[in-house]
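Shown next, in structure tokens, is the structure this report addresses.
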């Protein structure tokens with residue numbers, strides 16, 4: 003079976019988690035990335051879920067929401083949103099995952115609305131949830147999203163989750179205490195942020211710089227040492243496919 | 003057995019509690035007053051204890067502190083100080099009891115320190131506990147204390163629990179949202195507050211206006227209809243002596 | 063009338079209560095809640111809603127919320143006012159309400175467009191260190207609905223599973239309505255007060271309604287009906303589709319019991335792991 | 063070094079921990095706690111304390127605290143700095159610490175002399191309604207000690223009885239030390255997470271010490287030794303009296319086990335109602 007883009011994204015996301023870190027996990031690909039990290043290089047990472055759950059072991063079954071009973075059973079703490087958000091504001095959360103409908107070159111994410119004004123949007127999106135809090139207060143933000151010109155835009159219509167605003171120094175100026183995106187993992191490649199701006203550091207094996215440039219809404223910046231995204235090892239693929247056997251999250255639309 | 007000053011004070015304090023009210027109770031005489039009120043005219047009053055306890059029935063045994071296990075068992079809620087103080091700040095608490103080492107004619111209480119400055123007091127007292135919060139935020143404050151010139155002073159050295167400051171309008175000026183002392187019950191008589199100032203409304207049977215004047219540190223104001231404090235009925239005395247058979251709280255020093 | 067609903071986030075959402083609001087044709091409601099999964103979408107589609115204070119309105123496992131989109135994009139069935147929040151900002155607004163605090167200062171959302179879109183926050187400066195802070199004013203719901211596993215007849219709640227912002231929303235409210243799967247004895251519930259997010263003195267009604275949270279999960283009682291969320295997503299792409307879905311699952315049933323009978327074996331399957339904490343009375 | 067102690071108010075005060083601080087001759091401690099019954103008095107008398115942040119320092123059932131009086135009135139054994147609080151202001155300071163908030167605004171203590179005496183609060187005006195407010199800055203203890211009935215070896219706490227400000231103090235601290243009567247199994251404690259005020263990730267040490275809270279009560283474990291508080295009050299009226307009391311009950315015993323043996327039958331009597339939640343391991 004071919005390696006899917008979802009699987010490459012999950013494997014890359016897992017590499018972003020360091021052992022012993024406290025991580026706001028979320029659902030879908032990030033949750034599977036947390037599973038991979040725990041089973042490989044980060045056995046003592048801790049997963050936090052904003053409705054009030056702390057886990058040192060991922061739930062044994064595939065979750066559709068963080069509130070599924072399986073995510074509560076076996077948790078090391080089951081408390082309140084304010085308790086977990088307090089840890090986030092205190093700076094106790096190393097990294098958080100987030101997806102988005104739109105992102106700009108400075109890592110600002112829009113999950114609120116596209117087009118028109120806020121009261122009369124062209125497309126109404128669900129909103130922040132806890133995403134804007136994680137983007138504001140976690141030490142590192144790990145962004146995962148599909149790659150196309152409509153989503154990677156020069157400017158987002160609404161900054162739901164602040165990245166680097168208009169570039170280096172902006173977060174400090176607006177008063178954010180720390181953080182910002184450290185990586186953007188898309189279906190085509192991987193970006194790091196240099197002086198608050200996204201720089202392509204690798205393309206996935208099935209994609210190319212031209213394809214990425216063609217599908218990116220801003221003048222692409224490419225790292226000098228740009229390479230190919232590391233493909234998941236058989237061990238990692240095994241973990242992913244064992245957790246998501248149907249490919250519900252990792253192979254959809256392929 | 004003669005009726006003690008403590009018993010007269012408890013009976014008067016009980017009359018200050020209305021049926022259905024939420025009351026910050028405290029220990030000693032106020033606790034016994036709550037028992038009397040519940041057993042007589044205020045069966046649906048609710049007792050609140052600042053360490054996080056809510057009761058609709060007084061503890062079955064005499065308490066030495068609000069944290070005694072008997073005060074926890076049978077509580078209708080056992081939570082946190084912040085939960086109870088939140089109810090107080092929201093204005094959900096009708097009345098609160100408080101004692102003090104010193105009180106002035108405007109109902110300001112000092113339980114912090116006497117003489118000298120704060121860093122080098124002549125007499126160091128224990129401090130506020132929750133008293134200053136109850137005095138700040140409850141709708142009515144019920145004050146109970148021994149009556150002597152050293153305690154009922156023209157001016158207190160330190161305002162721990164704010165009464166009416168320097169008189170009518172002061173609480174609004176300093177920003178307190180409500181409340182203030184409604185009654186001062188001493189070992190000799192009962193005062194009400196008129197335009198923020200204590201006015202004697204009754205002397206206990208065993209005392210007299212002259213005795214009270216001689217033992218009060220400010221020019222005594224006496225109500226036109228001043229009378230004698232109502233003595234406890236046999237029913238009320240029975241409840242008091244049943245709850246405090248040794249007179250540990252109600253007959254000490256007599 | 064403002065109502066806080068679904069305050070445990072994905073679990074324990076009081077759908078039975080929301081469906082009865084639709085059957086009773088309530089109008090001009092102000093809804094308050096962090097994410098509310100698809101319940102807010104249903105109330106919006108049914109025309110019950112004037113205003114929403116929420117961090118997220120959608121379908122957690124299936125995607126966008128079609129009724130919410132139609133209301134915002136086309137004013138169908140009516141225009142609604144949205145006060146954008148994040149989960150932390152709405153938690154702090156409810157905490158301020160619970161504590162009777164004038165406001166709560168925070169560093170979250172600085173630089174986000176949410177404060178401007180919400181319109182109720184204020185930017186300020188900390189007099190302690192000069193840092194910029196965002197001040198979140200209190201939210202005091204007229205009613206907060208708490209769905210739980212068990213409650214006693216006086217309103218002592220037993221709520222297992224994650225609380226989300228349930229405690230803050232209950233303590234912040236002027237009145238609390240309790241929706242429970244079973245009625246328990248007062249002594250039994252009061253024996254484990256840590257599972258009680260609010261004092262019973264705030265509770266104005268205890269409603270004994272089995273299956274009241276389906277299709278959301280309720281810890282120890284039933285799992286999440288994922289497929290139901292996907293069916294709703296597919297069925298409500300059009301106004302007609304939503305009306306058909308509502309006619310079948312809300313106005314087409316007279317009460318929750320009939321709704322559960324209609325679910326049939328799939329309801330039974332969701333309860334296969336259920337275990338009760340208390341002896342049913 | 064700042065240490066929060068006795069955060070459940072009258073119950074669950076970690077006397078065993080305080081006595082070990084005295085035996086180890088710790089100095090210049092900053093103590094944080096709402097009321098602390100007589101433990102703060104003992105640490106002050108033993109010369110361990112430089113500063114106190116508290117709402118009340120005394121002997122709840124017997125009256126004034128003699129060592130605290132001597133320190134403040136005569137500088138014996140040394141001068142200490144006191145930051146006056148009320149129970150609500152210290153609860154809010156610890157809540158601000160727990161939430162990582164810049165401060166918490168409140169209406170309590172306006173007009174009281176406590177804010178001036180405390181010196182860390184600031185008066186401000188609410189930008190929402192122009193009302194005067196008092197801003198309480200966070201307290202972040204270096205260590206918070208949580209005394210509880212049971213804990214698992216990883217630091218999952220089971221704390222029954224009123225919490226007072228225990229949860230806020232634990233979440234606000236940089237590190238938490240747990241003092242427990244018994245060690246329980248991880249699964250058993252994690253089954254009832256509502257009794258766990260903080261995540262075990264904050265716990266740096268779990269100390270299994272029976273009778274660690276005597277003479278204060280610990281719900282379901284032992285009652286309050288009222289007479290012990292009165293004896294302490296009578297015995298410590300003079301410096302010599304305090305030194306004698308300490309020589310007998312603190313420095314005169316090598317550990318808590320010896321202290322309990324010394325208590326003898328009176329300790330047994332306080333445990334007559336004790337019932338354990340978990341199977342001892």
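Residue numbers (this note's numbering), protein chains in the order written: chain S, 3 to 256; chain V, 3 to 256; chain X, 63 to 343; chain A, 63 to 343. Positions of the beta carbon are idealized from the N, C-alpha and C atoms, including for glycine.
Chain-ordered chain S contacts of residue i [CB-CB under 7 Å]
{"i": "residue 72(X)", "result": "53, 67, 68 and 69"}
{"i": "residue 76(A)", "result": "The premise fails here: residue 76(A) is roughly 22 Å from chain S at the closest Cβ pair, so nothing lies under 7 Å."}
Contacts that residue i makes with chain S (C-beta to C-beta distance below 8 Å)
{"i": "residue 339(A)", "result": "Those do not exist, as residue 339(A) stays about 17 Å from chain S at its closest Cβ, beyond 8 Å."}
{"i": "residue 161(A)", "result": "84, 87, 88, 91 and 92"}
Residue interval of the alpha helix (DSSP H) (run including residue i)
{"i": "residue 102(X)", "result": "101–107"}
{"i": "residue 152(A)", "result": "149–161"}
Distance between residue j and residue i (C-alpha atoms, nearest Å)
{"i": "residue 338(A)", "j": "residue 320(X)", "result": "45 Å"}
{"i": "residue 279(X)", "j": "residue 242(V)", "result": "52 Å"}
{"i": "residue 302(A)", "j": "residue 153(X)", "result": "54 Å"}
{"i": "residue 105(A)", "j": "residue 78(A)", "result": "12 Å"}
{"i": "residue 211(V)", "j": "residue 217(V)", "result": "10 Å"}
{"i": "residue 325(X)", "j": "residue 228(X)", "result": "28 Å"}
{"i": "residue 253(S)", "j": "residue 5(S)", "result": "9 Å"}
{"i": "residue 266(A)", "j": "residue 202(A)", "result": "16 Å"}
{"i": "residue 66(S)", "j": "residue 230(A)", "result": "32 Å"}
{"i": "residue 231(S)", "j": "residue 224(S)", "result": "14 Å"}
{"i": "residue 46(V)", "j": "residue 149(V)", "result": "32 Å"}
{"i": "residue 204(A)", "j": "residue 159(A)", "result": "11 Å"}
Neighbouring residues, chain X, relative to residue i (Cβ below 7 Å)
{"i": "residue 145(A)", "result": "Neighbours of residue 145(A) on chain X: none; closest Cβ ~15 Å, over 7 Å."}
First and last residue of the uninterrupted beta strand (DSSP E) at residue i
{"i": "residue 204(S)", "result": "199–205"}
{"i": "residue 186(V)", "result": "183–188"}
{"i": "residue 138(V)", "result": "It is not in any beta strand (DSSP E) - residue 138(V) instead sits in the alpha helix (DSSP H) that spans 133–139."}
{"i": "residue 195(V)", "result": "191–196"}
{"i": "residue 185(X)", "result": "184–187"}
{"i": "residue 131(A)", "result": "Run containing residue 131(A): none in the beta strand (DSSP E); it sits in the alpha helix (DSSP H), 128–136."}
{"i": "residue 196(A)", "result": "194–198"}
{"i": "residue 202(X)", "result": "Premise fails: residue 202(X) is in no beta strand (DSSP E) and is neither H nor E."}
Close beta carbons around residue i, own chain, < 7 Å, minus the five adjacent residues each side
{"i": "residue 171(X)", "result": "148, 151, 177 and 196"}
{"i": "residue 136(X)", "result": "none"}
{"i": "residue 111(A)", "result": "91, 93, 105 and 142"}
Chain X residues whose Cβ lies nearer than 8 Å to that of residue i
{"i": "residue 174(A)", "result": "Those do not exist, as residue 174(A) stays about 17 Å from chain X at its closest Cβ, beyond 8 Å."}
Residues near residue i in its chain [Cβ-Cβ closer than 6 Å; skip 5 each side]
{"i": "residue 28(V)", "result": "99"}
{"i": "residue 223(X)", "result": "73 and 281"}
{"i": "residue 160(S)", "result": "112, 114 and 115"}
Short CB-CB distance (under 8 Å) between residue i and chain B
{"i": "residue 56(V)", "result": "Note that chain B does not occur in the displayed structure, where the protein chains are S, V, X and A."}
Other residues of its chain near residue i: CB distance less than 8 Å, five sequence neighbours each side excluded
{"i": "residue 141(S)", "result": "93, 95, 96, 97, 180 and 181"}
{"i": "residue 215(S)", "result": "222"}
{"i": "residue 156(S)", "result": "106, 107, 219 and 220"}
{"i": "residue 318(A)", "result": "78, 81, 271, 272, 273 and 274"}
{"i": "residue 250(V)", "result": "64"}
{"i": "residue 121(X)", "result": "99, 100, 103, 127, 291, 294 and 295"}
Residues that residue i contacts on chain A, provided the C-beta gap is smaller than 9 Å
{"i": "residue 77(S)", "result": "252 and 255"}
Partner residues on chain A for residue i, Cβ-Cβ distance less than 7 Å
{"i": "residue 64(X)", "result": "Those within 7 Å of residue 64(X) in chain A number zero; the least Cβ separation is about 18 Å."}
{"i": "residue 136(S)", "result": "Chain A residues near residue 136(S): none, gap ~14 Å exceeds 7 Å."}
Under 8 Å from the C-beta of residue i: neighbouring residues of chain A
{"i": "residue 190(X)", "result": "164, 165, 184, 197 and 199"}
{"i": "residue 124(V)", "result": "135"}
Residue i: CB within 7 Å of a non-hydrogen atom of the ligand FAD
{"i": "residue 209(A)", "result": "The ligand FAD is not among the ligands present in this structure, which contains no ligands whatsoever."}
Contacts that residue i makes with chain V (C-beta to C-beta distance below 9 Å)
{"i": "residue 218(X)", "result": "78 and 79"}
Listed by chain order, chain V residues near residue i by CB distance under 7 Å
{"i": "residue 322(X)", "result": "Those do not exist, as residue 322(X) stays about 32 Å from chain V at its closest Cβ, beyond 7 Å."}
(request) Tell me the start and end of each unbroken alpha helix (DSSP H) in the region 47–112 of chain S that is at least 4 residues and wholly inside, in chain order. (result) The qualifying runs are 71–74 and 83–92.
(message) At 4 residues or longer, what runs of the alpha helix (DSSP H) sit wholly inside the region 210–234 of chain X?
(response) With a minimum length of 4 residues, the continuous alpha helix (DSSP H) runs that stay inside the region 210–234 of chain X are 228–234.
(message) Just to confirm the assignment: which complete alpha helix (DSSP H) runs, minimum length 4, are found wholly within the region 272–298 of chain X?
(response) Counting whole runs of 4 or more residues, the region 272–298 of chain X contains the alpha helix (DSSP H) stretches 288–297.
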